[in-house]
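A.B. asks: Below you will find the structure I want to go over with you.
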Amino acid sequence: MAWAGQGAGYTSELSADDKDTDDAGLADDAGRDDLTALLRACLVALRLPSHADAFQLRRLPFWTVADALARITRLLPAQTERVSLEWFLPEDRTGETGTHQPLRRKAALAATLIAGLELARGGSLTLEQQTLWQPIHVEGEAA
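Okay, so the sequence shown: first residue is 1 according to the UniProt record's numbering, each after it adds one.
This is the structure we're talking about:
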């Protein structure tokens, strides 16, 4: 290849037919205009009418950080000794079945941990974990 490594010299070595083809390919924007018009027409066709209701996912009743904060602040003053963080989790609904049960439990544990961290930052309680992957214990400030 005579033009390899010469950069700008490449265009000078093209034949007249190659230059016409190259320029024609760059100058032909008619296809792009057609595609843009097609996409705009699709957007108009897909637009929802103003009276249509927007789809909303059904909200699952997860245990929130606010729920956990309320439960910890309600139950903690009655505790005289340290307890496991899991003690503050909501009661299991034994009659409840379904695929969301394990997910709800994980969400409740995460929300309770975050609530505990917030209260520990404020000095209301102390969180303690002996080693990794061991239970986290909660102790009130007066205990």
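Even for Gly, the Cβ is constructed at its ideal location relative to N, Cα and C.
Where do the ends of the beta strand (DSSP E) carrying Leu89 lie?
C.D. replies: Start at 1 with the first residue of the sequence shown, and residue 89 comes out as number 89. Premise fails: Leu89 is in no beta strand (DSSP E) and is neither H nor E.
A.B. asks: Would the stretch 81-92 count as touching the stretch 35-46 if we require 3 or more Cβ pairs under 8 Å?
C.D. replies: Output reads no: the stretch 35-46 does not touch the stretch 81-92.
A.B. asks: If you draw a straight line from the alpha carbon of Gly140 to that of Glu91, how long is it in whole angstroms?
C.D. replies: Taking the first residue of the sequence shown as position 1, residue 140 is located at position 140. Taking the first residue of the sequence shown as position 1, residue 91 is located at position 91. Approximately 21 Å, taken between the alpha carbons.
A.B. asks: Going by beta carbon distance, what residues of the same chain come within less than 8 Å of Glu118, once the five residues before and after it are set aside?
C.D. replies: As a first step, residue 118 is located in the sequence shown; it is residue number 118 there, counting from the start. Result list for Glu118: Val65, Leu69, in chain order.
A.B. asks: Beta-carbon within less than 8 Å of Leu113's beta-carbon, same chain only, minus the 5 sequence neighbours each way: which residues are those?
C.D. replies: On the sequence shown, position 113 is the one that residue 113 refers to. Once the five neighbours on either side are set aside, the close Cβ partners of Leu113 are Leu85, Ile136.
A.B. asks: Measuring straight from C-alpha to C-alpha, what distance separates Gln79 and Val138?
C.D. replies: Stepping through the sequence shown from its first residue, residue 79 is reached at position 79. Stepping through the sequence shown from its first residue, residue 138 is reached at position 138. Gln79 and Val138: Cα-Cα distance of roughly 10 Å.
A.B. asks: Given a cut-off of 8 Å, decide if Leu89 and Ala108 are closer than it, judged by their beta-carbon atoms.
C.D. replies: Reading the sequence shown from its first residue, position 108 is the one you call residue 108. Reading the sequence shown from its first residue, position 89 is the one you call residue 89. Yes; because the gap between Cβ atoms is below 8 Å, this pair is in contact.
A.B. asks: Alpha carbon to alpha carbon, what distance is there between Arg105 and Thr36?
C.D. replies: As a first step, residue 36 must be located in the sequence shown, where it is residue number 36. As a first step, residue 105 must be located in the sequence shown, where it is residue number 105. The alpha-carbon atoms of Thr36 and Arg105 are separated by roughly 49 Å.
A.B. asks: Where do the ends of the beta strand (DSSP E) carrying Leu69 lie?
C.D. replies: Locating residue 69 in the sequence shown gives position 69, counting from the first residue. Counting along the chain, Leu69 falls outside any beta strand (DSSP E), though it belongs to the alpha helix (DSSP H) covering 65-75.
A.B. asks: Considering Leu127, what are the terminal residues of the beta strand (DSSP E) in which it resides?
C.D. replies: Numbered from its first residue, the sequence shown carries residue 127 at position 127. Its beta strand (DSSP E) spans residues 125-128.
A.B. asks: What are the start and end residues of the beta strand (DSSP E) that includes Glu139?
C.D. replies: The count along the sequence shown starts at 1 and reaches residue 139 at position 139. Element bounds for Glu139: 137-140.
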